[in-house]
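So the protein lines, in turn, are chains A and B.
If you're matching positions, the first sequence starts at 1 in the numbering used here and goes up one per residue.
If you're matching positions, the second sequence starts at 282 in the numbering used here and goes up one per residue.
Heads up, the beta-carbon is just placed ideally off N, CA and C, and yes, glycines get one too.
Step one of this worksheet: look at the structure below.
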Amino acid sequence: MSEAPPTGIAGKSAPAPRQPSRRTSLWAFRGALTRRTQAAVGFGTSMLLLLVWEAAARAGLVNATFLPSPVAVLNAMLLMVQKQNLLWHAGVSTLRVWTAFALAAAMAVPVGILMSSYRVVGAALEPIIDFIRYLPVPALVPLSIIWFGVGESTKLYLLWLGTFFQLVLLVADDMRRVPQEYVEIAYTLGARTPQVLRDVAFRAMLPGLVDNLRITLGWCWTYLIIAEIVAADSGIGFVIWTARRYMKTPEVMAGVVVIGIIGLVTDQLLRAAHRRAFRYL
Amino acid sequence: MTEPYLAFDGVTKRFGALDVVGQPFDLTIARNDFIVFLGPSGCGKTTLMRMVGGLDTPTGGDIRLEGVPVGGPDHRRGMVFQSYSSFPWLTVAENVLFGMRYRTDLTEQQKRARRDHYLDLVGLYEFSDAYPNKVSGGMRQRVAIARTLAAGSEVLLMDEPFGALDAQRREKLQVELRGIQRRDTKTVVFVTHDVEEAVFLADRVIVFSKRPARLVADIDVTAQLGAERPLELRDSPEFFRLRNGVLKLLREAAGDDE
Ligand SMILES: Nc1ncnc2c1ncn2[C@@H]1O[C@H](COP(=O)(O)OP(=O)(O)OP(=O)(O)O)[C@@H](O)[C@H]1O
Ligand SMILES: [Mg+2]
């Protein structure tokens with residue numbers, strides 16, 4: 001790496017450029033980080049938080065009825081797995097989320113695409129969707145119980161309600177952002193509209209679409225807990241709500257943590273799948 | 282009288298209240314000619330070119346290719362855009378192959394042969410498996426050119442295709458494009474803001490007024506510089522003189538306010 005020093009035009013030698021350090025700094029503004037480092041940093045902060053929390057609990061700084069220590073929560077969780085079928089409840093909740101989500105996505109994707117592909121469809125649906133989108137899902141709980149009773153369909157309906165209308169607009173937006181050039185290239189190559197939609201527009205919007213699906217899936221969990229608290233005898237929401245009645249804070253927190261873990265794992269898996277599927281990005 | 286290859290016949294275009302081409306526009310283009318549209322920004326060059334491609338329809342008059350009025354877009358008239366010119370989810374080779382995706386008259390084998398031929402022609406064969414975001418901007422434009430040629434386009438419509446490239450890449454691509462056009466005998470309609478590029482590439486430079494677009498000058502470059510365009514031509518006094526003449530015309534066309 002030894003090069004002759006550059007001679008300045010006027011004969012003066014230019015000041016030696018500051019040697020950039022070989023080790024990339026963690027604090028370079030908008031700098032890159034290896035995936036390894038990112039994972040390590042994320043893991044580190046999580047552990048630190050848990051340690052501080054545990055220490056605070058042990059030192060008696062917080063009332064254990066309100067904030068039990070991580071170890072207590074973990075113990076409660078293990079006990080619940082053995083005695084209360086916690087994993088089964090988690091499975092039930094996950095299944096509900098995915099069923100409702102799949103239903104919402106299967107409907108929202110075509111509707112959203114149509115809304116941006118044909119102005120009339122967009123004009124016709126946008127006011128309705130925007131109206132419903134702003135209704136808080138909990139406000140619709142009584143109505144959905146009147147309509148569907150307290151069975152499985154109420155829960156699915158509430159979840160669907162919470163995601164479909166949000167998702168439609170996100171999908172429509174993804175579609176709108178497909179560059180007109182792509183569409184026109186396809187037309188000048190002799191494609192017909194269905195082919196343009198399938199081969200070009202859909203392909204172009206796919207990475208954004210998958211990202212939006214991942215984000216919306218997270219919202220689904222919010223509504224799931226509401227639905228399970230109101231009307232259920234199974235699922236994590238039910239477990240949490242039952243534990244609350246007896247003020248079993250560690251169990252309440254264990255339920256919450258399970259949701260968090262499911263969310264974290266799902267999200268990371270979907271992100272990894274995204275990276276794998278869209279290598280070209 | 283024989284039918285001209287490509288003809289604008291009394292073409293006008295308005296977008297709502299906006300007159301883009303006010304006076305009826307007439308122009309005939311011979312087969313295998315390289316035509317460059319030059320004019321002030323916003324005068325309607327892109328619009329005129331898009332109408333040839335069938336992506337916009339004239340408000341009045343019509344555009345005919347070999348006597349047949351142009352309807353919608355088809356593969357005989359191919360577009361090369363300035364940006365988003367190739368599909369990022371396809372490799373270089375797949376992009377070129379995509380050009381023939383909707384041609385039912387070619388067998389898969391013929392399509393692959395054509396793909397390889399045109400990849401080679403634009404010098405991208407060794408980048409076949411790269412994705413567009415991994416190659417330079419100049420290569421991306423060559424991908425688009427190869428795709429359009431592979432599709433079997435006889436008329437290449439190019440809207441500032443080299444606008445985003447640095448000067449050196451631009452020069453190189455200009456020489457290449459001119460070579461391809463001469464060898465493959467294509468008719469090209471090329472829009473640019475760059476007077477030097479216009480004079481270097483064109484058989485004919487069409488200078489437009491500011492909007493509403495009107496033909497200001499129709500310069501036969503080949504009559505003055507010949508059909509061969511080696512890079513050295515740029516340093517010759519004839520090139521320089523012609524360039525200055527066109528620049529002056531363009532300044533007058535743009536008016537004082539620019
Ligand atoms: N689809 C459209 N709807 C309404 N107005 C349009 C549309 N397309 C173009 N225009 C307007 O028509 C005029 C001519 O546009 P055009 O893109 O053809 O100009 P141009 O000569 O290519 O300009 P530039 O050199 O900046 O690319 C502009 O004022 C533009 O805003
Ligand atoms: Mg333009």
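- Taking residue 158(A) as reference, the option from 168(A), 204(A) and 136(A) with the minimal CA-CA separation is 136(A).
- Of all C-beta pairs linking the segment 164-184 of chain A to the segment 111-118 of chain A, three or more are shorter than 8 Å, placing the two stretches in contact.
- Excluding five sequence positions before and after residue 90(A), the CB atoms of its chain that fall closer than 7 Å to its own CB belong to 236, 258 and 262, given in chain order.
- In the same chain as residue 430(B), and ignoring 5 residues on each side of it, the C-beta atoms closer than 6 Å to its own belong to 399, in chain order.
- The segment 192-210 of chain A and the segment 389-399 of chain B do not touch, with fewer than three beta-carbon pairs separated by less than 8 Å.
- Look at residue 476(B): its beta carbon is at least 8 Å from all of the heavy atoms in ligand 2.
- Residue pairing of residue 436(B) in beta bridges, as defined by DSSP: 358(B) and 468(B).
- Residue 529(B): member of the alpha helix (DSSP H) spanning 518-535, first to last residue.
- For residue 362(B), the chain A residues whose C-beta falls within less than 8 Å of its own C-beta are 181, 184 and 185, listed in chain order.
- By the Cβ criterion, the segment 220-233 of chain A is in contact with the segment 144-159 of chain A, since at least three pairs of Cβ atoms, one from each stretch, lie closer than 8 Å.
- Interface with chain A (9 Å Cβ-Cβ cutoff): residue 447(B) is excluded.
- Taking the C-beta atoms as reference points, residue 405(B) is found no nearer than 9 Å to residue 436(B).
- Counting the other Cβ atoms within 10 Å of the Cβ of residue 63(A) gives fewer than 16, which makes it exposed.
- For residue 294(B), DSSP records a beta bridge to 302(B).
- Listed along chain A, the residues sitting closer than 8 Å to residue 355(B) by beta-carbon distance are 188 and 190.
- The set of residues with a C-beta under 7 Å from any non-hydrogen atom of ligand 2 comprises 326(B), 327(B), 440(B), 441(B) and 472(B), given in chain order.
- Shortest gap from the CB of residue 176(A) to any heavy atom of ligand 1: 8 Å or more.
- Secondary structure at residue 110(A): helix, using DSSP grouped into helix, strand and coil.
- Along the segment 195-223 of chain A, the positions whose C-beta sits under 8 Å from a C-beta of chain B are 195, 199, 200, 203, 204 and 206, read in chain order.
- By a beta-carbon distance limit of 8 Å, residue 333(B) does not contact residue 357(B). Their separation comes to about 11 Å.
- The alpha-carbon separation between residue 26(A) and residue 33(A) amounts to approximately 7 Å.
- Residue 422(B) places its beta carbon 9 Å or farther from that of residue 378(B).
- For ligand 1, no non-hydrogen atom lies closer than 8 Å to the CB of residue 364(B).
- Taking 9 Å as the cut-off, the beta carbon of residue 383(B) is found no closer than this to the beta carbon of residue 346(B).
- Where residue 58(A) is concerned, the enclosing alpha helix (DSSP H) starts and stops at 35-58.
- When beta bridges are read from the DSSP output, residue 316(B) appears opposite 470(B) and 485(B).
- At a cut-off of 9 Å between C-beta atoms, residue 278(A) counts as an interface residue with respect to chain B.
- The beta carbon of residue 72(A) is closer than 6 Å to those of 250 in its chain, skipping five residues each way along the sequence.
- According to the DSSP secondary-structure assignment, residue 350(B) is paired through a beta bridge with 345(B).
- Less than 9 Å divides the Cβ of residue 468(B) from the Cβ of residue 312(B).
- Here the segment 526-538 of chain B lies against the segment 312-328 of chain B, with 3 or more beta-carbon pairs under 8 Å apart.
- Of the candidates 264(A), 107(A) and 253(A), 264(A) places its Cα closest to the Cα of residue 39(A).
- Scanning chain A for C-beta atoms nearer than 8 Å to the C-beta of residue 417(B) yields nothing, as the closest lies near 16 Å away.
- By the Cβ criterion, the segment 287-305 of chain B is in contact with the segment 489-499 of chain B, since at least three pairs of Cβ atoms, one from each stretch, lie closer than 8 Å.
- In its chain, beyond the 5 residues on either side, 289, 290 and 291 have a beta carbon closer than 7 Å to the beta carbon of residue 307(B).
- In the DSSP assignment, residue 289(B) is bridged to 308(B) and 344(B).
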